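Just so you know, we're using this note's numbering here: the sequence shown kicks off at 2 and counts up by one.
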Amino acid sequence: MILPPELMMPATVLVPFIGVILILLTRKFPNIREAMTLVTAVTTFLMVLQFLPGVLEGETYSYTFAEPLPGISLAFSLEPLGMLFALIASFLWIVTSVYAIGYMRGAGEQNQTRFYIFFAIAVSFTLGVAFSANLLTLFVFYEMLTLSTYPLVAHKGNTAARDGGRVYLGILLTTSIAFFLPAIIWTYAVAGTLDFQPGGIFDDNVNAVVAGALLLLFFYGAGKAALMPFHRWLPSAMVAPTPVSALLHAVAVVKAGVFTLLKISVYIFGADLLLDLNARDILLYIAGTTILLASLVAMTKDNLKARLAYSTVSQLAYVTLGALLATQAGMEGSAMQIATHAFGKITLFFCAGAIYVATKKTEISDMKGLGRAMPITMLAFFIGAMSIIGLPPTGGTWSKWYLMLGTLESGYLFLMGVLMISSLLNIAYLLPIPIQGFFGGEKDKPTVFSEAPLPCLIAITVTSIGCLVLFICPELLYELAALVYLGAL
(Lines of atoms letter the chains of each structure in order from A and count residues from 1; the text may use other names and numbers.)
(Lines give C-alpha, C1' and ligand atoms only; values in the text may rest on other atoms or scores of the structure.)
Protein backbone atom coordinates (compact mmCIF):
# COMPACT_ATOMS: atom_id res chain seq x y z
CA MET A 1 0.00 0.00 0.00
CA ILE A 2 1.21 3.51 -0.83
CA LEU A 3 -0.05 4.92 2.47
CA PRO A 4 -0.01 3.29 5.91
CA PRO A 5 -2.94 0.83 6.13
CA GLU A 6 -4.79 2.92 8.73
CA LEU A 7 -4.82 5.91 6.35
CA MET A 8 -5.87 4.01 3.23
CA MET A 9 -9.57 3.90 4.07
CA PRO A 10 -10.05 7.67 4.53
CA ALA A 11 -7.83 8.25 1.50
CA THR A 12 -10.01 5.91 -0.58
CA VAL A 13 -13.16 7.76 0.46
CA LEU A 14 -11.52 11.09 -0.45
CA VAL A 15 -10.40 10.04 -3.94
CA PRO A 16 -13.86 10.65 -5.52
CA PHE A 17 -13.80 14.20 -4.11
CA ILE A 18 -10.46 14.77 -5.83
CA GLY A 19 -12.24 13.56 -8.94
CA VAL A 20 -14.95 16.18 -8.35
CA ILE A 21 -12.31 18.92 -8.46
CA LEU A 22 -10.83 17.51 -11.66
CA ILE A 23 -14.28 17.25 -13.26
CA LEU A 24 -15.00 20.89 -12.36
CA LEU A 25 -11.68 22.08 -13.75
CA THR A 26 -12.25 20.29 -17.07
CA ARG A 27 -15.99 20.98 -17.40
CA LYS A 28 -15.54 22.93 -20.65
CA PHE A 29 -13.77 20.00 -22.29
CA PRO A 30 -16.19 17.02 -22.27
CA ASN A 31 -13.67 14.42 -23.41
CA ILE A 32 -11.16 15.38 -20.74
CA ARG A 33 -13.93 15.69 -18.13
CA GLU A 34 -15.09 12.17 -18.80
CA ALA A 35 -11.50 10.91 -18.84
CA MET A 36 -11.09 12.40 -15.36
CA THR A 37 -14.22 10.54 -14.25
CA LEU A 38 -12.83 7.23 -15.51
CA VAL A 39 -9.37 7.82 -14.00
CA THR A 40 -10.96 8.59 -10.63
CA ALA A 41 -13.20 5.52 -10.78
CA VAL A 42 -10.32 3.19 -11.70
CA THR A 43 -8.10 4.69 -8.99
CA THR A 44 -10.83 4.21 -6.39
CA PHE A 45 -11.33 0.58 -7.35
CA LEU A 46 -7.60 -0.17 -7.24
CA MET A 47 -7.34 1.38 -3.79
CA VAL A 48 -10.26 -0.74 -2.55
CA LEU A 49 -8.72 -3.82 -4.13
CA GLN A 50 -5.54 -3.41 -2.06
CA PHE A 51 -7.47 -4.38 1.08
CA LEU A 52 -8.74 -7.70 -0.29
CA PRO A 53 -5.75 -10.00 0.48
CA GLY A 54 -5.56 -8.78 4.06
CA VAL A 55 -9.30 -9.13 4.67
CA LEU A 56 -9.25 -12.69 3.33
CA GLU A 57 -6.39 -13.48 5.72
CA GLY A 58 -8.28 -12.08 8.70
CA GLU A 59 -6.47 -8.75 9.05
CA THR A 60 -8.38 -5.76 10.42
CA TYR A 61 -8.07 -2.18 9.23
CA SER A 62 -9.36 0.68 11.33
CA TYR A 63 -9.15 4.46 11.56
CA THR A 64 -10.79 6.84 14.04
CA PHE A 65 -11.61 10.40 12.98
CA ALA A 66 -12.98 11.74 16.24
CA GLU A 67 -14.68 10.78 19.50
CA PRO A 68 -17.40 13.41 20.01
CA LEU A 69 -18.69 11.64 23.15
CA PRO A 70 -17.06 9.09 25.45
CA GLY A 71 -17.36 5.68 23.81
CA ILE A 72 -18.95 7.12 20.66
CA SER A 73 -16.63 7.70 17.71
CA LEU A 74 -16.64 8.46 14.03
CA ALA A 75 -14.49 5.66 12.70
CA PHE A 76 -13.78 3.27 9.86
CA SER A 77 -13.18 -0.46 10.12
CA LEU A 78 -13.11 -2.94 7.27
CA GLU A 79 -14.48 -6.48 7.54
CA PRO A 80 -15.57 -9.05 4.88
CA LEU A 81 -19.08 -7.66 4.31
CA GLY A 82 -17.77 -4.12 3.90
CA MET A 83 -15.06 -5.46 1.59
CA LEU A 84 -17.67 -7.15 -0.60
CA PHE A 85 -19.82 -4.01 -0.81
CA ALA A 86 -16.87 -1.70 -1.49
CA LEU A 87 -15.60 -3.96 -4.29
CA ILE A 88 -19.00 -4.04 -5.99
CA ALA A 89 -19.61 -0.29 -5.71
CA SER A 90 -16.15 0.77 -6.86
CA PHE A 91 -15.97 -1.68 -9.79
CA LEU A 92 -19.45 -0.88 -11.06
CA TRP A 93 -18.66 2.84 -10.86
CA ILE A 94 -16.08 2.26 -13.62
CA VAL A 95 -18.58 0.39 -15.79
CA THR A 96 -21.39 2.88 -15.16
CA SER A 97 -19.07 5.79 -16.03
CA VAL A 98 -18.30 4.17 -19.39
CA TYR A 99 -22.01 3.60 -19.97
CA ALA A 100 -22.89 7.17 -18.94
CA ILE A 101 -20.56 8.63 -21.57
CA GLY A 102 -22.57 6.96 -24.32
CA TYR A 103 -25.97 7.45 -22.70
CA MET A 104 -25.68 11.10 -21.63
CA ARG A 105 -24.42 12.14 -25.04
CA GLY A 106 -26.73 9.88 -27.00
CA ALA A 107 -29.81 11.01 -25.09
CA GLY A 108 -28.75 14.67 -25.21
CA GLU A 109 -29.00 15.07 -21.43
CA GLN A 110 -28.36 18.52 -19.98
CA ASN A 111 -26.10 19.41 -17.02
CA GLN A 112 -23.72 16.52 -17.62
CA THR A 113 -20.95 18.01 -15.47
CA ARG A 114 -23.32 18.19 -12.51
CA PHE A 115 -24.28 14.57 -13.12
CA TYR A 116 -20.66 13.34 -12.98
CA ILE A 117 -19.94 15.44 -9.89
CA PHE A 118 -22.83 14.13 -7.82
CA PHE A 119 -22.23 10.59 -9.03
CA ALA A 120 -18.67 10.78 -7.68
CA ILE A 121 -19.88 12.25 -4.38
CA ALA A 122 -22.46 9.47 -4.03
CA VAL A 123 -19.81 6.78 -4.55
CA SER A 124 -17.61 8.41 -1.89
CA PHE A 125 -20.42 8.28 0.66
CA THR A 126 -21.21 4.71 -0.39
CA LEU A 127 -17.65 3.72 0.50
CA GLY A 128 -18.11 5.54 3.81
CA VAL A 129 -21.10 3.29 4.49
CA ALA A 130 -19.06 0.21 3.58
CA PHE A 131 -16.17 1.21 5.86
CA SER A 132 -18.27 2.27 8.87
CA ALA A 133 -17.00 0.91 12.19
CA ASN A 134 -20.15 1.70 14.16
CA LEU A 135 -23.78 2.72 13.88
CA LEU A 136 -23.09 6.45 14.23
CA THR A 137 -20.62 6.52 11.35
CA LEU A 138 -22.95 4.37 9.27
CA PHE A 139 -25.87 6.72 9.94
CA VAL A 140 -23.87 9.82 8.99
CA PHE A 141 -22.70 8.43 5.65
CA TYR A 142 -26.06 6.77 4.99
CA GLU A 143 -27.83 10.14 5.25
CA MET A 144 -25.19 11.95 3.20
CA LEU A 145 -25.73 9.35 0.50
CA THR A 146 -29.46 10.15 0.51
CA LEU A 147 -28.84 13.89 0.19
CA SER A 148 -26.14 13.56 -2.48
CA THR A 149 -28.32 11.39 -4.74
CA TYR A 150 -31.33 13.73 -4.66
CA PRO A 151 -29.88 16.00 -7.40
CA LEU A 152 -29.36 12.90 -9.54
CA VAL A 153 -32.93 11.69 -9.10
CA ALA A 154 -34.24 15.19 -9.94
CA HIS A 155 -31.63 15.65 -12.69
CA LYS A 156 -34.02 16.42 -15.54
CA GLY A 157 -35.50 19.34 -13.60
CA ASN A 158 -39.04 18.91 -14.95
CA THR A 159 -42.18 18.47 -12.86
CA ALA A 160 -42.01 14.67 -12.88
CA ALA A 161 -38.36 14.73 -11.80
CA ARG A 162 -39.03 17.18 -8.97
CA ASP A 163 -42.03 15.17 -7.79
CA GLY A 164 -40.04 11.93 -7.92
CA GLY A 165 -37.20 13.59 -6.03
CA ARG A 166 -39.55 14.79 -3.30
CA VAL A 167 -40.97 11.29 -2.80
CA TYR A 168 -37.44 9.87 -2.79
CA LEU A 169 -36.15 12.34 -0.24
CA GLY A 170 -39.33 12.35 1.85
CA ILE A 171 -39.57 8.60 2.41
CA LEU A 172 -35.85 8.02 2.98
CA LEU A 173 -35.42 10.90 5.42
CA THR A 174 -38.66 10.09 7.24
CA THR A 175 -37.75 6.46 7.83
CA SER A 176 -34.28 7.46 9.01
CA ILE A 177 -35.48 10.09 11.47
CA ALA A 178 -38.56 8.22 12.69
CA PHE A 179 -37.03 4.74 13.00
CA PHE A 180 -33.28 4.49 12.36
CA LEU A 181 -32.08 7.30 14.63
CA PRO A 182 -34.27 6.29 17.62
CA ALA A 183 -33.04 2.70 17.17
CA ILE A 184 -29.42 3.88 17.37
CA ILE A 185 -30.04 5.92 20.52
CA TRP A 186 -31.97 3.09 22.16
CA THR A 187 -29.26 0.60 21.24
CA TYR A 188 -26.63 2.72 22.95
CA ALA A 189 -28.81 3.00 26.05
CA VAL A 190 -29.21 -0.80 26.21
CA ALA A 191 -25.79 -2.04 25.06
CA GLY A 192 -23.53 0.87 26.04
CA THR A 193 -21.79 0.84 22.66
CA LEU A 194 -22.49 1.41 18.97
CA ASP A 195 -19.42 -0.43 17.64
CA PHE A 196 -19.93 -3.33 15.25
CA GLN A 197 -18.69 -6.51 16.93
CA PRO A 198 -18.61 -10.15 15.73
CA GLY A 199 -21.54 -11.99 17.26
CA GLY A 200 -23.40 -8.79 18.18
CA ILE A 201 -23.21 -6.27 21.01
CA PHE A 202 -26.11 -7.32 23.26
CA ASP A 203 -25.39 -9.48 26.29
CA ASP A 204 -27.26 -12.66 27.14
CA ASN A 205 -29.60 -10.84 29.54
CA VAL A 206 -31.04 -8.41 27.03
CA ASN A 207 -34.82 -8.19 27.15
CA ALA A 208 -36.25 -10.06 24.17
CA VAL A 209 -39.11 -7.58 23.74
CA VAL A 210 -36.69 -4.65 23.66
CA ALA A 211 -34.38 -6.43 21.22
CA GLY A 212 -37.36 -7.31 19.02
CA ALA A 213 -38.55 -3.70 18.98
CA LEU A 214 -35.05 -2.57 18.01
CA LEU A 215 -34.95 -5.11 15.21
CA LEU A 216 -38.22 -3.75 13.80
CA LEU A 217 -36.98 -0.17 14.05
CA PHE A 218 -33.72 -0.95 12.29
CA PHE A 219 -35.30 -2.92 9.47
CA TYR A 220 -37.82 -0.19 8.71
CA GLY A 221 -35.33 2.58 9.47
CA ALA A 222 -33.16 1.41 6.57
CA GLY A 223 -35.66 2.72 4.03
CA LYS A 224 -33.22 2.20 1.16
CA ALA A 225 -33.88 -1.55 1.49
CA ALA A 226 -37.40 -0.79 0.15
CA LEU A 227 -39.22 -3.20 2.44
CA MET A 228 -42.99 -2.77 1.97
CA PRO A 229 -44.77 -0.47 2.67
CA PHE A 230 -41.80 1.97 2.48
CA HIS A 231 -40.86 1.07 -1.09
CA ARG A 232 -42.61 3.71 -3.18
CA TRP A 233 -39.53 5.92 -3.41
CA LEU A 234 -37.86 3.35 -5.67
CA PRO A 235 -40.33 3.36 -8.60
CA SER A 236 -40.78 7.13 -8.12
CA ALA A 237 -37.05 7.63 -8.67
CA MET A 238 -37.24 6.03 -12.13
CA VAL A 239 -37.80 9.47 -13.66
CA ALA A 240 -34.01 9.90 -13.46
CA PRO A 241 -31.68 9.12 -16.39
CA THR A 242 -30.79 5.44 -16.73
CA PRO A 243 -27.23 5.78 -15.35
CA VAL A 244 -28.84 7.14 -12.18
CA SER A 245 -31.20 4.17 -12.11
CA ALA A 246 -28.11 1.96 -12.31
CA LEU A 247 -26.63 3.87 -9.36
CA LEU A 248 -29.84 3.45 -7.36
CA HIS A 249 -30.34 -0.24 -8.11
CA ALA A 250 -26.86 -1.71 -8.33
CA VAL A 251 -23.97 0.55 -7.35
CA ALA A 252 -25.02 2.42 -4.25
CA VAL A 253 -28.42 3.29 -2.86
CA VAL A 254 -30.50 0.12 -2.52
CA LYS A 255 -27.35 -1.88 -1.89
CA ALA A 256 -26.51 0.49 0.98
CA GLY A 257 -29.95 -0.34 2.40
CA VAL A 258 -29.66 -4.12 2.35
CA PHE A 259 -25.97 -3.94 3.29
CA THR A 260 -27.04 -2.00 6.39
CA LEU A 261 -29.65 -4.61 7.31
CA LEU A 262 -27.21 -7.49 6.88
CA LYS A 263 -24.46 -5.69 8.78
CA ILE A 264 -26.79 -4.90 11.68
CA SER A 265 -28.00 -8.51 11.71
CA VAL A 266 -24.42 -9.83 11.85
CA TYR A 267 -22.60 -7.27 14.00
CA ILE A 268 -25.31 -5.75 16.22
CA PHE A 269 -27.66 -8.68 16.91
CA GLY A 270 -25.69 -11.78 15.95
CA ALA A 271 -27.14 -15.09 14.79
CA ASP A 272 -27.93 -16.52 18.24
CA LEU A 273 -30.00 -13.54 19.37
CA LEU A 274 -31.84 -13.26 16.05
CA LEU A 275 -32.99 -16.86 16.31
CA ASP A 276 -34.63 -16.12 19.68
CA LEU A 277 -36.66 -13.06 18.61
CA ASN A 278 -40.35 -13.25 17.73
CA ALA A 279 -39.98 -10.00 15.77
CA ARG A 280 -37.72 -11.90 13.39
CA ASP A 281 -40.66 -14.10 12.37
CA ILE A 282 -42.80 -11.04 11.71
CA LEU A 283 -40.13 -9.53 9.49
CA LEU A 284 -39.54 -12.82 7.67
CA TYR A 285 -43.17 -12.94 6.61
CA ILE A 286 -43.09 -9.25 5.65
CA ALA A 287 -40.04 -9.97 3.49
CA GLY A 288 -41.83 -12.94 1.91
CA THR A 289 -44.89 -10.81 1.23
CA THR A 290 -42.71 -8.09 -0.33
CA ILE A 291 -41.07 -10.66 -2.60
CA LEU A 292 -44.41 -11.87 -3.96
CA LEU A 293 -46.39 -8.63 -4.10
CA ALA A 294 -43.61 -6.66 -5.81
CA SER A 295 -43.27 -9.44 -8.40
CA LEU A 296 -47.01 -9.38 -9.07
CA VAL A 297 -46.96 -5.59 -9.48
CA ALA A 298 -43.97 -5.89 -11.84
CA MET A 299 -46.03 -8.14 -14.11
CA THR A 300 -48.61 -5.36 -14.58
CA LYS A 301 -46.10 -2.73 -15.73
CA ASP A 302 -45.66 -2.10 -19.44
CA ASN A 303 -43.01 0.56 -18.88
CA LEU A 304 -39.69 -1.29 -18.82
CA LYS A 305 -37.99 0.77 -16.10
CA ALA A 306 -41.10 0.56 -13.89
CA ARG A 307 -41.14 -3.23 -14.26
CA LEU A 308 -37.46 -3.40 -13.35
CA ALA A 309 -38.01 -1.10 -10.37
CA TYR A 310 -40.63 -3.38 -8.81
CA SER A 311 -38.41 -6.33 -9.62
CA THR A 312 -35.72 -4.66 -7.51
CA VAL A 313 -38.13 -4.24 -4.59
CA SER A 314 -38.73 -8.00 -4.74
CA GLN A 315 -35.07 -8.95 -5.13
CA LEU A 316 -33.95 -6.73 -2.23
CA ALA A 317 -36.31 -8.62 0.04
CA TYR A 318 -34.30 -11.76 -0.76
CA VAL A 319 -31.33 -10.15 1.04
CA THR A 320 -33.54 -9.17 3.96
CA LEU A 321 -34.95 -12.68 4.19
CA GLY A 322 -31.50 -14.29 4.13
CA ALA A 323 -30.21 -12.01 6.87
CA LEU A 324 -33.17 -12.82 9.10
CA LEU A 325 -32.89 -16.58 8.58
CA ALA A 326 -29.66 -16.29 10.62
CA THR A 327 -28.39 -19.65 9.38
CA GLN A 328 -25.11 -20.21 7.57
CA ALA A 329 -26.71 -20.81 4.17
CA GLY A 330 -29.19 -17.96 4.67
CA MET A 331 -26.60 -15.32 5.53
CA GLU A 332 -24.20 -16.54 2.87
CA GLY A 333 -26.98 -16.39 0.30
CA SER A 334 -27.91 -12.90 1.49
CA ALA A 335 -24.34 -11.64 1.04
CA MET A 336 -24.02 -13.30 -2.36
CA GLN A 337 -27.36 -11.84 -3.47
CA ILE A 338 -25.97 -8.33 -2.95
CA ALA A 339 -23.31 -9.06 -5.59
CA THR A 340 -25.25 -11.20 -8.06
CA HIS A 341 -28.26 -8.90 -8.07
CA ALA A 342 -25.98 -5.92 -8.66
CA PHE A 343 -24.56 -7.42 -11.86
CA GLY A 344 -27.88 -8.79 -13.09
CA LYS A 345 -29.95 -5.70 -12.44
CA ILE A 346 -27.38 -3.19 -13.72
CA THR A 347 -27.29 -5.19 -16.95
CA LEU A 348 -31.06 -4.94 -17.31
CA PHE A 349 -31.10 -1.20 -16.65
CA PHE A 350 -28.21 -0.65 -19.05
CA CYS A 351 -30.23 -2.48 -21.70
CA ALA A 352 -33.33 -0.39 -20.96
CA GLY A 353 -31.30 2.78 -21.36
CA ALA A 354 -29.67 1.52 -24.55
CA ILE A 355 -33.10 0.80 -26.04
CA TYR A 356 -34.24 4.33 -25.14
CA VAL A 357 -31.15 5.99 -26.60
CA ALA A 358 -31.35 4.01 -29.85
CA THR A 359 -35.11 3.91 -30.40
CA LYS A 360 -36.78 6.17 -27.78
CA LYS A 361 -38.95 3.19 -26.82
CA THR A 362 -39.90 2.83 -23.15
CA GLU A 363 -42.93 0.49 -23.30
CA ILE A 364 -42.42 -3.27 -23.46
CA SER A 365 -45.36 -3.68 -25.85
CA ASP A 366 -43.45 -1.58 -28.40
CA MET A 367 -40.33 -3.76 -28.28
CA LYS A 368 -41.50 -6.77 -30.27
CA GLY A 369 -38.90 -7.69 -32.88
CA LEU A 370 -36.40 -5.25 -31.38
CA GLY A 371 -33.88 -8.03 -30.80
CA ARG A 372 -33.26 -8.31 -34.53
CA ALA A 373 -32.22 -4.65 -34.63
CA MET A 374 -30.40 -4.68 -31.28
CA PRO A 375 -29.08 -8.25 -30.91
CA ILE A 376 -26.24 -7.41 -28.49
CA THR A 377 -28.52 -5.46 -26.17
CA MET A 378 -31.28 -8.06 -26.19
CA LEU A 379 -28.85 -10.97 -25.64
CA ALA A 380 -27.39 -9.11 -22.67
CA PHE A 381 -30.92 -8.54 -21.36
CA PHE A 382 -31.54 -12.28 -21.58
CA ILE A 383 -28.37 -13.02 -19.58
CA GLY A 384 -29.23 -10.41 -16.94
CA ALA A 385 -32.76 -11.78 -16.68
CA MET A 386 -31.45 -15.32 -16.21
CA SER A 387 -29.29 -14.11 -13.33
CA ILE A 388 -32.17 -12.30 -11.64
CA ILE A 389 -34.31 -15.43 -11.99
CA GLY A 390 -31.48 -17.56 -10.61
CA LEU A 391 -30.89 -19.91 -13.55
CA PRO A 392 -27.54 -21.35 -14.68
CA PRO A 393 -25.11 -20.43 -16.12
CA THR A 394 -25.44 -17.10 -14.29
CA GLY A 395 -24.28 -15.93 -10.86
CA GLY A 396 -27.78 -15.51 -9.48
CA THR A 397 -27.99 -19.30 -9.37
CA TRP A 398 -25.69 -19.48 -6.34
CA SER A 399 -27.36 -16.80 -4.20
CA LYS A 400 -30.82 -18.29 -4.83
CA TRP A 401 -29.47 -21.78 -4.09
CA TYR A 402 -28.09 -20.79 -0.71
CA LEU A 403 -31.21 -18.83 0.20
CA MET A 404 -33.30 -21.90 -0.56
CA LEU A 405 -30.99 -23.99 1.62
CA GLY A 406 -31.37 -21.40 4.36
CA THR A 407 -35.14 -21.73 4.40
CA LEU A 408 -34.74 -25.51 4.53
CA GLU A 409 -32.24 -25.32 7.42
CA SER A 410 -34.61 -23.06 9.36
CA GLY A 411 -37.67 -25.18 8.70
CA TYR A 412 -39.50 -22.34 6.91
CA LEU A 413 -40.95 -24.44 4.10
CA PHE A 414 -43.52 -21.71 3.44
CA LEU A 415 -40.70 -19.29 2.63
CA MET A 416 -39.08 -21.90 0.41
CA GLY A 417 -42.36 -21.95 -1.48
CA VAL A 418 -42.29 -18.14 -1.68
CA LEU A 419 -38.83 -18.25 -3.28
CA MET A 420 -39.95 -20.89 -5.78
CA ILE A 421 -43.10 -18.97 -6.74
CA SER A 422 -41.06 -15.78 -7.01
CA SER A 423 -38.68 -17.44 -9.47
CA LEU A 424 -41.64 -18.46 -11.62
CA LEU A 425 -42.98 -14.90 -11.50
CA ASN A 426 -39.54 -13.61 -12.45
CA ILE A 427 -39.65 -15.85 -15.51
CA ALA A 428 -43.13 -14.57 -16.35
CA TYR A 429 -42.25 -10.86 -16.31
CA LEU A 430 -38.64 -10.94 -17.59
CA LEU A 431 -38.13 -13.66 -20.19
CA PRO A 432 -41.00 -12.64 -22.52
CA ILE A 433 -39.11 -9.38 -23.20
CA PRO A 434 -36.09 -10.91 -25.01
CA ILE A 435 -38.23 -13.74 -26.48
CA GLN A 436 -40.60 -11.23 -28.09
CA GLY A 437 -37.62 -9.10 -28.99
CA PHE A 438 -36.06 -11.88 -31.07
CA PHE A 439 -39.14 -13.74 -32.31
CA GLY A 440 -42.00 -11.21 -32.21
CA GLY A 441 -43.00 -8.37 -34.49
CA GLU A 442 -43.04 -8.27 -38.27
CA LYS A 443 -40.46 -10.88 -39.29
CA ASP A 444 -40.56 -9.94 -42.98
CA LYS A 445 -39.72 -6.32 -42.23
CA PRO A 446 -36.11 -5.40 -43.23
CA THR A 447 -33.81 -5.27 -40.20
CA VAL A 448 -32.07 -1.95 -39.55
CA PHE A 449 -29.45 -2.28 -36.86
CA SER A 450 -29.78 0.48 -34.28
CA GLU A 451 -27.59 -0.44 -31.32
CA ALA A 452 -26.79 2.19 -28.70
CA PRO A 453 -23.47 4.10 -28.77
CA LEU A 454 -20.30 2.03 -28.34
CA PRO A 455 -19.63 3.03 -24.69
CA CYS A 456 -23.09 1.71 -23.77
CA LEU A 457 -22.43 -1.58 -25.55
CA ILE A 458 -19.04 -1.96 -23.85
CA ALA A 459 -20.62 -1.52 -20.41
CA ILE A 460 -23.50 -3.88 -21.22
CA THR A 461 -21.05 -6.52 -22.43
CA VAL A 462 -18.88 -6.25 -19.31
CA THR A 463 -21.76 -6.61 -16.85
CA SER A 464 -23.43 -9.47 -18.76
CA ILE A 465 -20.09 -11.31 -18.87
CA GLY A 466 -19.85 -10.59 -15.12
CA CYS A 467 -23.13 -12.45 -14.62
CA LEU A 468 -21.57 -15.50 -16.30
CA VAL A 469 -18.22 -15.22 -14.50
CA LEU A 470 -19.95 -15.19 -11.10
CA PHE A 471 -21.41 -18.59 -11.98
CA ILE A 472 -18.21 -20.13 -13.31
CA CYS A 473 -15.85 -18.63 -10.72
CA PRO A 474 -17.83 -17.92 -7.53
CA GLU A 475 -14.99 -18.82 -5.14
CA LEU A 476 -14.05 -15.27 -4.08
CA LEU A 477 -17.69 -14.31 -3.62
CA TYR A 478 -18.39 -17.42 -1.57
CA GLU A 479 -15.27 -16.96 0.56
CA LEU A 480 -16.29 -13.42 1.52
CA ALA A 481 -19.88 -14.55 2.15
CA ALA A 482 -18.69 -17.38 4.40
CA LEU A 483 -16.60 -14.91 6.42
CA VAL A 484 -19.68 -12.74 6.83
CA TYR A 485 -21.53 -15.60 8.53
CA LEU A 486 -18.57 -16.31 10.81
CA GLY A 487 -18.86 -12.71 11.99
CA ALA A 488 -22.40 -13.44 13.20
CA LEU A 489 -21.25 -16.18 15.60
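Positions of the beta carbon are idealized from the N, C-alpha and C atoms, including for glycine. Values in this document were obtained by computation on a predicted structure and should not be read as measured data.
So the beta strand (DSSP E) residue i belongs to, where does it begin and stop?
| i | result |
| --- | --- |
| residue 66 | 62 to 70 |
| residue 75 | 73 to 79 |
Rounded to the nearest angstrom, how far is the Cβ of residue i from that of residue j, given a contact under 8 Å?
| i | j | result |
| --- | --- | --- |
| residue 267 | residue 93 | With a Cβ gap of about 23 Å, residue 267 and residue 93 do not count as contacting. |
| residue 439 | residue 372 | 4 Å |
| residue 39 | residue 89 | Incorrect: roughly 18 Å between the Cβ atoms, too far for contact. |
| residue 91 | residue 45 | 5 Å |
| residue 10 | residue 132 | 5 Å |
| residue 233 | residue 168 | 6 Å |
| residue 442 | residue 370 | 2 Å |
| residue 275 | residue 223 | Not quite, the Cβ-Cβ distance comes to about 16 Å (not below 8 Å), so this is no contact. |
| residue 284 | residue 217 | 7 Å |
| residue 341 | residue 397 | 5 Å |
For the alpha helix (DSSP H) that contains residue i, what are its first and last residues?
| i | result |
| --- | --- |
| residue 316 | 305 to 326 |
| residue 239 | Counting along the chain, residue 239 falls outside any alpha helix (DSSP H), and DSSP gives it neither H nor E. |
| residue 13 | 6 to 26 |
| residue 329 | 329 to 360 |
| residue 296 | 279 to 301 |
| residue 254 | 254 to 265 |
| residue 375 | Unbroken run through residue 375: none, as it is neither H nor E. |
| residue 48 | 31 to 50 |
| residue 366 | Unbroken run through residue 366: none, as it is neither H nor E. |
| residue 271 | 271 to 276 |
| residue 243 | 243 to 247 |
| residue 391 | Segment: none, residue 391 is in no alpha helix (DSSP H) and carries neither H nor E. |
| residue 490 | Counting along the chain, residue 490 falls outside any alpha helix (DSSP H), and DSSP gives it neither H nor E. |
When you compare the CB of residue i with every CB in chain D, is at least one pair closer than 8 Å?
| i | result |
| --- | --- |
| residue 199 | In the structure shown, chain D cannot be found, because there is only a single protein chain. |
Just to confirm, is the Cβ distance from residue i to residue j under 8 Å?
| i | j | result |
| --- | --- | --- |
| residue 146 | residue 49 | no |
| residue 186 | residue 137 | no |
| residue 484 | residue 200 | no |
| residue 41 | residue 26 | no |
| residue 272 | residue 322 | no |
| residue 149 | residue 17 | no |
| residue 349 | residue 382 | yes |
| residue 192 | residue 202 | yes |
| residue 1 | residue 292 | Because the chain is modelled from 2 through 490, residue 1 falls outside the range shown and cannot be assessed. |
| residue 329 | residue 486 | yes |
| residue 258 | residue 225 | yes |
| residue 104 | residue 457 | yes |
| residue 71 | residue 119 | no |
| residue 165 | residue 237 | yes |
| residue 493 | residue 375 | Examination of residue 493 is not possible in this model, given that the chain is present from 2 through 490 alone. |
| residue 251 | residue 156 | no |
| residue 248 | residue 324 | no |
| residue 1 | residue 279 | Nothing can be reported for residue 1, as the shown portion of the chain is limited to 2 through 490. |
| residue 296 | residue 427 | yes |
| residue 394 | residue 469 | yes |
| residue 430 | residue 239 | no |
| residue 363 | residue 432 | no |
| residue 76 | residue 62 | no |
| residue 333 | residue 101 | no |
The ligand SAH and residue i: does any heavy atom of the ligand fall closer than 7 Å to the residue's C-beta?
| i | result |
| --- | --- |
| residue 9 | Within the structure as shown, the ligand SAH is missing, as the structure has no ligands at all. |
Around the C-beta of residue i, are 16 or more other C-beta atoms found within 10 angstroms, so that it is buried, or is it exposed?
| i | result |
| --- | --- |
| residue 213 | buried |
| residue 171 | exposed |
| residue 435 | buried |
| residue 29 | exposed |
| residue 35 | buried |
| residue 158 | exposed |
| residue 498 | Residue 498 lies beyond the residue range present for the chain, which begins at 2 and ends at 490; the question has no answer from this structure. |
| residue 455 | exposed |
| residue 113 | buried |
| residue 264 | buried |
| residue 474 | exposed |
| residue 190 | exposed |
| residue 244 | buried |
| residue 308 | buried |
| residue 176 | buried |
| residue 389 | buried |
| residue 256 | buried |
- Complete runs of the alpha helix (DSSP H) confined to the region 78 to 120 [at least 4 residues]: 81 to 107
- Task: Report the residue ranges of all beta strand (DSSP E) runs contained in full by the region 399 to 478; include only those spanning at least 3 residues, in chain order.
- Result: none
- Message: Give the list of continuous beta strand (DSSP E) stretches no shorter than 3 residues that lie fully inside the region 195 to 241.
- Response: none
- Item | Any alpha helix (DSSP H) of 4 or more consecutive residues that is wholly inside the region 131 to 183 | 136 to 154 and 160 to 176
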